[in-house]
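Chemist:
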Amino acid sequence: MIYADITEFLSNPMGTGIQRTVREIFAHWPGGLPACYFDASINGLRVVAPKALDAVLDNSRDIGSKEKAARAAEIISADPGAVIDAESSVLIPELFFDHARCAFYAQRIKRHPSRSLAIVYDLLPWTHPAQFGITDRRPYEPYFNLILSMEYTAHISQETKEEYERSGGNKRRLPLPILHLGADGLSIEKQAFRPDRKTFVCLGSIEARKRQNDILRAFAQLWSEGIDAELIFVGRTVDHGDRSLGPMIEAAKVLYPHFKHYEAASDDDVAAILETARATIMVSALEGYGLPPVESLHAGIPVIVSDVMPSIRRLPSLGQIRVEPWSPEQIAVAVKRLLDDDVARSLWNDAADLSLPTWQDTAKQVNDWTVSVQSRDRNLLSRWLGARRA
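Note that my numbering has the sequence shown beginning at 77, numbered continuously upward.
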């Protein structure tokens, strides 16, 4: 049996890309995946009560993340769960910076390297700290040192795996799997092109590295030329030390009647917005993966996307107009192309032809990997015992 350690998720079940991955793995794991959490009072892991797990996995927007976490904490307080023994295999599917938890896993890995596995989302806060407002890396060292010391890690992109190895991970040069994240996470039916679809949508948190300011500059130029196109941002503003982003968005809402920003949106809200979309836009300069472009393509909606986006770099360019990051001019040209109905229709047809992985595929891939590690461990133990008996 393998457990998934979701200590961080239990305390803060938000809707980030990482936490969406956690939810989807649990939702699609063959036969069900038991969860555990780190209990600092015993310096060990405990099983999460099923009702507590249900509370945080609840994807309903009617209950906020704080309420979900409080409900889970109440259940765990009444039923702390059985202690998991050191022989059990544990998957870490989340990011965390709790030093006590890092120290616990460092010792666990020394004893049994193959009993602790982790999904590595990216090393960007470590390799590009300024992009995340980090001026002192010391609070983050224990986590990154931990994952770089692990023998069994899976990675969400080729770029993440390569950065991991450049940073000193995978010293034994074991085959590390590259996961194919699901593209079917949006609650929306397959879309079809209509000439009246004039909206361009940018989904995801608003951060300097995601270059929404370049998108706004491109559209400001288009609007000054009298071009009729709507622009919608959906996502919370994360300044990471760049305090210009919030005022930029607020000023744009006043200046440009064709621009809207929704700080938060339910699944139904996102679906309604995308039902008006001619295309989506994501032009990040720095990403570990980038789910929104492939989710858009899975829904049949073309995308203007930066050519460094890991999620699309190894896909056929169907349904995409790829642009260089930091280039408002290229974004503006791409929008003009898409406003031509014939060009748009062709891109929509291309998007419909793409074959993309689902979250069921992702969960199966992670499951197959963990099973293979456990099987390898059992085979090594069997050979060692056989040699001793001989």
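Just so you know, even glycine gets a beta-carbon here, dropped at the ideal spot from N, CA and C.
1. Out of Ala340, Ala353, Asp260 and Ser393, point me to the one whose CA is closest to Leu432's CA.
2. I need the DSSP call for Ala80, collapsed to helix, strand or coil.
3. Helix, strand or coil: which one does DSSP assign to Ser192?
4. Check whether the stretch 378 to 385 and the stretch 346 to 363 are in contact - that is, three or more C-beta pairs closer than 8 Å.
5. Under 7 Å Cβ to Cβ from Arg99, same chain only, skipping five residues before and after it: list those, please.
6. Check this for me: beta carbons of Ile82 and Tyr197, under 8 Å apart or not?
7. Taking the C-alpha atoms as reference points, what is the distance between Ala111 and Lys440?
8. I'd like the list of long-range same chain contacts for Ile388, defined as Cβ closer than 6 Å, with 5 residues on each side in sequence excluded.
9. What did DSSP end up calling Glu363 once you bin it into helix, strand or coil?
10. What residue from Ile223, Phe335 and Leu199 has the CA that sits closest to Ala179's CA?
11. Name the residue from Leu307, Leu394 and Ile254 whose alpha carbon lies nearest to the alpha carbon of Ala73.
12. What does a CB cutoff of less than 7 Å around His316 pick up in its chain, not counting 5 residues either side in sequence?
13. What's the gap between the Cα of Ser403 and the Cα of Thr236?
14. Which one of His256, Asp161, Glu84 and Ala294 has the shortest CA to CA distance from Asp174?
15. In this structure, does DSSP put Ala182 in helix, strand or coil?
16. Apart from the five residues on each side of it in sequence, which residues of its chain come closer than 7 Å, Cβ to Cβ, to His204?
Modeler: Once the coordinates are examined:
1. Working through the sequence shown from its first residue, we reach residue 432 at position 356. Residue nearest to Leu432 within the set Ala340, Ala353, Asp260 and Ser393 is Asp260 (criterion: CA-CA distance).
2. Here residue 80 refers to the residue found at position 4 of the sequence shown. In the three-state DSSP reduction, Ala80 falls in the strand class (E or B).
3. Counting from 1 along the sequence shown, the entry for residue 192 is found at position 116. Per DSSP, reduced to three states, the secondary structure at Ser192 is strand.
4. Contact holds: three or more Cβ-Cβ distances are below 8 Å.
5. Indexing the sequence shown from 1 puts residue 99 at position 23. So the qualifying residues of the chain are Leu133 and Asn135.
6. For the purposes of this step, residue 82 is identified with residue 6 of the sequence shown, where counting begins at 1. For the purposes of this step, residue 197 is identified with residue 121 of the sequence shown, where counting begins at 1. Result no, Cβ atoms of Ile82 and Tyr197 do not sit closer than 8 Å.
7. For the purposes of this step, residue 111 is identified with residue 35 of the sequence shown, where counting begins at 1. For the purposes of this step, residue 440 is identified with residue 364 of the sequence shown, where counting begins at 1. Roughly 17 Å between the two C-alpha positions.
8. Position 312 of the sequence shown, counting from 1, holds the residue named residue 388. Taken in chain order, the residues that qualify are Pro369 and Val381.
9. As a working note, residue 363 is residue 287 in the sequence shown. In the structure shown, Glu363 sits in coil (DSSP, three-state: anything other than H, G, I, E or B).
10. The residue you call residue 179 lines up with position 103 of the sequence shown. Measuring C-alpha to C-alpha distances from Ala179 to each of Ile223, Phe335 and Leu199 identifies Ile223 as the nearest.
11. Since the first residue shown for the chain is 77 and the last is 466, residue 73 is missing from the structure and cannot be characterised.
12. For this step, residue 316 is matched to residue 240 along the sequence shown. Scanning its chain for C-beta atoms nearer than 7 Å, with the 5 sequence neighbours on each side dropped, one finds around His316 the residues Gln207, Phe208, Gly209, Glu283 and Ala284, in chain order.
13. Reading the sequence shown from its first residue, position 327 is the one you call residue 403. Reading the sequence shown from its first residue, position 160 is the one you call residue 236. Inter-residue distance for Ser403 and Thr236 is about 24 Å (C-alpha atoms, whole angstroms).
14. The residue given as residue 174 occupies position 98 in the sequence shown. Per the Cα distances, Glu84.
15. Translated into positions along the sequence shown, residue 182 becomes position 106. Ala182 falls in the helix class under three-state DSSP.
16. Reading the sequence shown from its first residue, position 128 is the one you call residue 204. Contacts found: Leu362.
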